[in-house]
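Just so you know, the sequences run in chain order A and B. First residue of the first sequence? That's 79 in this note's numbering, and the numbers climb one at a time after it. First residue of the second sequence? That's -19 in this note's numbering, and the numbers climb one at a time after it. The next block holds one structure in the form of structure tokens; read it before the comments.
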Amino acid sequence: MLRLSDLHAHYGRAHILQGVSLHVRPGEVHVLLGRNGAGKSTTMKAIMGLVPPTSGGVEFLGQPIAGLEPFEVARRGLGYVPEERRVFAELTVAENLEVGRQKPREGLAPWSVERICGVFPSLAAMLKRPGGRMSGGEQQMLTIGRTLMGNPRLVLLDEPSEGLAPVIVDRMADAVRALRAEGMSILLSEQNWHFASRVGDAASIIEKGAIVWRGSMAELLADEAARGRYLTV
Amino acid sequence: MLGNLVVQALSGLASAASLFLVSAGLTVIFGVTRIVNFAHGSFYMLGAYLGWTLATNLPRGHVPFWGGVVLAAVIVGLVGVVVELLLLRRIYKAPELFQLLATFGVVLVVQDAALWIWGPQDLLGPRAPGLRGAVYILDSRFPLYDLVLIGIGIAVFLLLWLLFQRTRFGILVRAATADREMVGALGVNQRLLFTGVFFLGSALAGLAGALQVPRESVNLQMDLAIIAEAFVVVVVGGLGSLPGAALAALLLGQMQAFGILVFPQITLVLVFLVMAAVLVVRPYGLLGRAPAGHAASLAPVEPPIAPLSPRGRLVAGVALVLALLAPLVLADYALVVMTEICLAILFAATLHFIMGPGGMASFGHAAYFGIGAYAAALLVKHLAAPMELSLLAAPFAAGIAGLAFGWFCVRLSGVYAAMLTMAFAQIAWSTAFQWVDFTGGDNGILGVWPPAWAVPKPVQAWGTLILCLGGAFLLRRAIFAPFGAALRAQRDSVLRAEAIGIDTMRIRWFAFAIAAAFAGLAGALFAFTKGSVFPTYMAIPRSIDGLMMVLLGGVQTVTGPILGAIAYTGLHEQLMRVTELWRAVLGAIIIALVLFFPRGLAGLGARS
Ligand SMILES: Nc1ncnc2c1ncn2[C@@H]1O[C@H](COP(=O)(O)OP(=O)(O)OP(=O)(O)O)[C@@H](O)[C@H]1O
Ligand SMILES: [Mg+2]
């Protein structure tokens, strides 16, 4: 569904992505694991066109999308949930959701504010509250909801568990599983192995801008050596 | 007495209303596109001219009059869309300074277009039908039309508020003001949003202009006069904040209304002083916020400064010898041009000093040039001081002004610093313009002639050549001296510079003052070569001239300002000789340069 082949990207002169290849299949939760600074967020930004890839290909639903502008990528059904959340602080929750709204997509049940509140019940009570006056966990729910309003076919979720209390992380895991159950494809970047192992179907490990391990979650669970080498700090 | 105060407050509200209309458009455009649109004042002026044409040509009556006002606003909105589509759309990613310059190019083009269509004379429009009279409030007279204007201001504020709160367009505008990259990543085509915002903002400026027609005459100075005030409102309110613009417009309107009762001489100065004070206490304005994350750099990134190559030295040496010999053979007119070029070189070198190695921006560098010129002229005029003494004193005056203004300016960065430097220049300009007893106001100071020995043109040419190139040379030495190294270090990274013990704020401050002092010397020399000084010496266009020279030459090359000054002065001179519409041509050239050569002339040479 989403295929990266030998993707390279730079920040100024710094060569950050040095050939990332990765394949997300329809309906799977694919976890992108890696240490701080490994290039997880940059991979997602490169897919979205927020950091223009310098070479290599990005294919989504069989179409090349590298070089498109972020809004065009989003309109093709790729949703992006940034690591820093980037909630519009002065807009209310309802307005934040409105910004994310896009036309319904063929063959998908359209998302609405009510349906988002079904996935994240705590949002329902605060639709009128400014995004800036929410807790970290609530903001995380809001950003995911905001992206869902665009009726994406695949969601890029960048470290949704970062900085959240364990209870909220559990809630996030539930939400990810609920989305998967509805058939959503997800590329999830994580450092939290515990969280990743609970929701992932497949995994890729990135280090210094390149994929160093790939396989199914079951394989990774069995491969203690790889986890030790790439994931523990 | 009480009636008087009420009427004064009401007229403050009336000016606040039109100020708000203009500033609302400017602030919304900035919020979404991050472009500081100098041409916004030109849209206001266009609105006034169009309003005048419609009001004088349409039949009398309520419907034609108000219909004409709305039509003028819509036409100006469409002009804004054209400018956005043809120009700004291509430069959204360019450094802010270039964007500002490009929009200033539009100012010049619109000025000449208006001159060409409507002529140079002030135009008086008809009064609004049915609103000629006045109302009496506690026995004091207040024009009925101004009352309507206040009502329109309030109505537009409410409509905008509804637009921004209740419509998808408004929600997207507010979201994009906070974080436009995120809005794009959510699938919103920003081009449409930008164009829409430009239409709205320009139409508001046009509306404000058309509404002025029954109040005051329409003229070619309206654009820069209003843009300076609108910048103040927008910066005081917080860039991008609509309620901020409303609040600041109210504040400023009242200040002008009552300021005129208390300090009639310094109403203009007062406005800019308030802005400086607000920016120092709240650097992002009353209701503004620090921009999210990705702060764009103000000047283009360029390779580090390098000393001249041996070949470069040879060329420079030959050029210098030729310049020294030139007064022996050149005719008077050519010598005048040569003198002007020398002055331009020094002026550009001082601005380059703070922009290139210093990494600061100044949109008001003419202030120091003008202060030097006025210091010299005032010494001659009031104390009958000799030229030699005046030339010595002028850099001190300008340097002290640089210390005073610079103290504030070096504390800000980006657009805010640019706006503050402009505000200080406007303070200097308004002082010269309003303090008629001391400075002669608009008529300037005449009879600032050099002593007999310095009257012959060749002597003047040699004098300015030696002083200006000497000054430029000293600045160049400073760039490569330890002081310059520290200056460049803080430009590249404040953190790293502080880590090795550089007091970055202080070093920027001194650099600012040194540049101001040398600019003052250029100004004083200019005063003596022209024999007079005028407030225009410190006006916005002269500051822009300096910026043009520096950017033409390329910011990060030491020879850049010299080449830029020669090219720009030569161009200016030629254009003025060959065409009446030299402003439009100059504006078009500025626009073309920003579009096609964003690295400047020197950058061009470096690449080839
Ligand atoms: N805006 C930027 N400019 C320059 N370098 C950057 C920028 N953003 C990230 N980097 C660098 O790129 C590399 C990869 O960063 P990235 O954010 O992709 O890592 P990450 O795997 O998401 O890490 P984390 O787990 O901390 O979020 C890092 O070395 C980082 O320092
Ligand atoms: Mg990251």
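From the three backbone atoms N, C-alpha and C, an ideal C-beta is built for every residue, glycine too.
Residues that Glu237 of chain A contacts on chain B, provided the C-beta gap is smaller than 9 Å: Working through the first sequence from its first residue, we reach residue 237 of chain A at position 159. Chain order gives no chain B residues near Glu237 of chain A, where near means a beta carbon separation below 9 Å; the closest approach is about 16 Å.
With a threshold of 8 Å, are at least 3 pairs of Cβ atoms found where one atom belongs to the segment 225 to 243 of chain B and the other to the segment 26 to 33 of chain B? Per the Cβ contact rule, the segment 225 to 243 of chain B is not in contact with the segment 26 to 33 of chain B (fewer than 3 Cβ pairs under 8 Å).
Contained alpha helix (DSSP H) runs [length at least 4] in the segment 191 to 272 of chain B, N- to C-terminal order: Uninterrupted alpha helix (DSSP H) stretches at least 4 residues long and entirely within the segment 191 to 272 of chain B occur at 202 to 217, 222 to 242 and 247 to 261, given in chain order.
Only counting the same chain, and skipping five residues up and downstream in sequence, which positions put a Cβ closer than 8 Å to that of Gly273 of chain B? Counted from its first residue, the second sequence places residue 273 of chain B at position 293. Residue placement at Gly273 of chain B cannot be trusted, given a pLDDT of 45 that sits under 50; what the coordinates show is reported in the next sentence. The residues are Asp159.
Give me the chain B residues within the contact set of Glu176 of chain A, using Cβ-Cβ distance strictly less than 8 Å, ordered along the chain. Here residue 176 of chain A refers to the residue found at position 98 when the first sequence is read from its first residue. For Glu176 of chain A, the C-beta contacts it makes with chain B under 8 Å involve Arg148 and Ile151, in order along the chain.
Give every residue of the same chain whose Cβ lies closer than 6 Å to the Cβ of His345 of chain B, excluding the five residues on either side of it in the sequence, and list them in chain order. Here the question's residue 345 of chain B lines up with position 365 in the second sequence. For His345 of chain B, the CB contacts under 6 Å within the same chain, skipping 5 residues up- and downstream, are Leu331, Ser523 and Gly526 in chain order.
Less than 6 Å separating the Cβ of Gly316 of chain A from some heavy atom of ligand 1? Past the edges of chain A, shown from 79 to 311, lies residue 316 of chain A, and the structure says nothing about it.
Interface flag, Met340 of chain B vs chain D, CB-CB below 7 Å: Going by chain labels, chain D is absent from the structure shown, which instead holds the protein chains A and B.
Identity of the residue in B:Ile130, B:Val212 and B:Gly150 nearest Ala188 of chain B by Cα: Working through the second sequence from its first residue, we reach residue 188 of chain B at position 208. Closest option to Ala188 of chain B, Cα to Cα, is B:Ile130.
What residues from chain A crowd round Leu166 of chain B, counting only those whose CB sits closer than 9 Å? By one-based count along the second sequence, residue 166 of chain B stands at place 186. Contact note: Leu166 of chain B reaches chain A through Pro148, Phe149, Ala152, Gly157, Tyr158, Val177, Gly178, Arg179, Gln180, Arg224, Thr225, Met227 and Gly228, using a C-beta cutoff of 9 Å and chain order.
Arg153 of chain A: which of A:Val233, A:Val247, A:Leu299 and A:Arg292 sits nearest, CA to CA? Residue 153 of chain A sits at position 75 when you count from the first residue of the first sequence. Ranking the options by Cα distance to Arg153 of chain A, first place goes to A:Val233.
Residue range of the alpha helix (DSSP H) that includes Ile94 of chain A: Residue numbering aside, residue 94 of chain A sits at position 16 when the first sequence is read from its first letter. In the DSSP annotation of this structure, Ile94 of chain A is not part of any alpha helix (DSSP H); the continuous beta strand (DSSP E) holding it starts and ends at Ala92 to Val102.
Please classify Leu169 of chain A as buried or exposed, where buried requires at least 16 neighbouring CB atoms within 10 angstroms. Mapped onto the first sequence, residue 169 of chain A falls at position 91. By the neighbour-count rule (16 or more Cβ atoms within 10 Å), Leu169 of chain A is buried.
Does DSSP put Ala135 of chain B in a helix, a strand or coil? Stepping through the second sequence from its first residue, residue 135 of chain B is reached at position 155. Ala135 of chain B: helix per DSSP, three-state reduction.
Can you tell me whether Leu6 of chain B is helix, strand or coil according to DSSP? The residue you call residue 6 of chain B lines up with position 26 of the second sequence. It is helical.
C-alpha gap between Gly214 of chain A and Tyr89 of chain A, whole angstroms: Reading the first sequence from its first residue, position 136 is the one you call residue 214 of chain A. Reading the first sequence from its first residue, position 11 is the one you call residue 89 of chain A. Whole-angstrom Cα-Cα distance: 28 Å.
Going straight from the alpha carbon of Gln554 of chain B to that of Phe179 of chain B, what length do you get? In the second sequence, residue 554 of chain B corresponds to position 574, counting from 1. In the second sequence, residue 179 of chain B corresponds to position 199, counting from 1. Straight-line Cα distance between these residues: approximately 36 Å.
Compute the distance between the beta-carbons of Ser99 of chain A and Ser119 of chain A, then report whether it is under 7 Å. Position 21 of the first sequence, counted from the start, is the residue given in the question as residue 99 of chain A. Position 41 of the first sequence, counted from the start, is the residue given in the question as residue 119 of chain A. In this structure, Ser99 of chain A keeps its C-beta atom at 7 Å or more from the C-beta atom of Ser119 of chain A.
Tell whether a beta-carbon distance below 7 Å holds between Ala328 of chain B and Leu445 of chain B. Taking the first residue of the second sequence as 1, we reach residue 328 of chain B at position 348. Taking the first residue of the second sequence as 1, we reach residue 445 of chain B at position 465. Against a cut-off of 7 Å, the Cβ pair of Leu445 of chain B and Ala328 of chain B comes out as no contact.
Taking 6 Å as the cut-off, is the beta-carbon of Gln218 of chain A closer than that to any non-hydrogen atom of ligand 1? By 1-based counting over the first sequence, the position of residue 218 of chain A is 140. For Gln218 of chain A, the distance from the CB to the nearest heavy atom of ligand 1 is not below 6 Å.
Given that a residue counts as buried once 16 or more other Cβ atoms are within 10 Å of its Cβ, and exposed if not, what is Gln218 of chain A? Working through the first sequence from its first residue, we reach residue 218 of chain A at position 140. By the neighbour-count rule (16 or more Cβ atoms within 10 Å), Gln218 of chain A is buried.
Whose C-beta lies closer than 6 Å to the C-beta of Gly567 of chain B among residues of the same chain, with five residues either side of it excluded? As a position in the second sequence, residue 567 of chain B is number 587, starting the count at 1. Counting only Cβ-Cβ distances below 6 Å, and skipping sequence neighbours, we find Gly85, Leu88 and Val89.
Taking C-beta pairs closer than 7 Å, name the residues in chain A that Asp159 of chain B reaches, listed in chain order. Stepping through the second sequence from its first residue, residue 159 of chain B is reached at position 179. What Asp159 of chain B touches in chain A: Arg164 and Phe166.
Can you name the residues of chain A whose CB is closer than 9 Å to the CB of Arg70 of chain B? The residue you call residue 70 of chain B lines up with position 90 of the second sequence. Chain A residues near Arg70 of chain B: none, gap ~15 Å exceeds 9 Å.
Buried or exposed by the 16-neighbour rule on C-beta atoms within 10 Å, applied to Ala484 of chain B: Along the second sequence, read from residue 1 onward, the residue named residue 484 of chain B stands at position 504. As written in the sequence, residue 484 of chain B is Thr, which differs from the Ala given in the question. Counting the other CB atoms within 10 Å of its CB gives Thr484 of chain B a total of 16 or more, which places it among the buried residues.
Cβ-heavy atom distance, Glu161 of chain A to ligand 2, below 6 Å: Residue numbering aside, residue 161 of chain A sits at position 83 when the first sequence is read from its first letter. For ligand 2, at least one heavy atom lies less than 6 Å from the Cβ of Glu161 of chain A.
Is the beta carbon of Asn270 of chain A within less than 6 Å of some heavy atom of ligand 4? As for ligand 4, it is missing from this structure, which binds only ligand 1 and ligand 2.
Taking the alpha helix (DSSP H) that Ala590 of chain B falls in, what are its first and last residues? Residue 590 of chain B lies beyond the stretch modelled for chain B, which goes from -19 to 588, so this question has no answer here.
Quick check: Ala183 of chain B and Ile334 of chain B, are their CB atoms within less than 7 Å of each other? Position 203 of the second sequence holds residue 183 of chain B. Position 354 of the second sequence holds residue 334 of chain B. Between Ala183 of chain B and Ile334 of chain B, the CB-CB gap reaches or exceeds 7 Å.
Val295 of chain B, buried or exposed, once every other Cβ within 10 Å from all chains shown has been counted against 16: For this step, residue 295 of chain B is matched to residue 315 along the second sequence. Within a 10 Å sphere around the beta-carbon of Val295 of chain B sit fewer than 16 other beta-carbons, which makes this residue exposed.
What would DSSP say about Arg456 of chain B, mapped onto helix, strand or coil? Here residue 456 of chain B corresponds to residue number 476 of the second sequence, with the count starting at 1. Three-state result, Arg456 of chain B: helix.
Pairwise C-alpha distance: Gly31 of chain B and Ser22 of chain B: Start at 1 with the first residue of the second sequence, and residue 22 of chain B comes out as number 42. Start at 1 with the first residue of the second sequence, and residue 31 of chain B comes out as number 51. Going by the C-alpha atoms only, they are around 14 Å apart.
With a threshold of 7 Å between beta-carbons, can Asn169 of chain B be considered close to chain A, or not? Sequence index remark: in the second sequence, residue 169 of chain B carries index 189 (1-based). For Asn169 of chain B, the nearest beta carbon of chain A is closer than 7 Å to its own beta carbon.
Once DSSP output is grouped into helix, strand and coil, what is the label at His274 of chain B? Here residue 274 of chain B corresponds to residue number 294 of the second sequence, with the count starting at 1. Legend: pLDDT at His274 of chain B = 41, less than 50; position of this residue unreliable, value from coordinates given subsequently. When DSSP states are grouped into helix, strand and coil, His274 of chain B belongs to the coil group.
In chain order, what residues of the same chain lie with their CB nearer than 6 Å to the CB of Ala19 of chain B, ignoring the 5 residues before and after it? Within the second sequence, numbered from 1, the residue matching residue 19 of chain B stands at position 39. Answer for Ala19 of chain B: Thr83, Val86 and Val87, listed in chain order.
If you follow the beta strand (DSSP E) that Leu291 of chain A is part of, which residue opens it and which one closes it? For the purposes of this step, residue 291 of chain A is taken as the residue at position 213 of the first sequence. Correcting the residue identity first, residue 291 of chain A is Trp in this sequence and not Leu. The continuous beta strand (DSSP E) containing Trp291 of chain A extends over residues Ala288 to Ser294.
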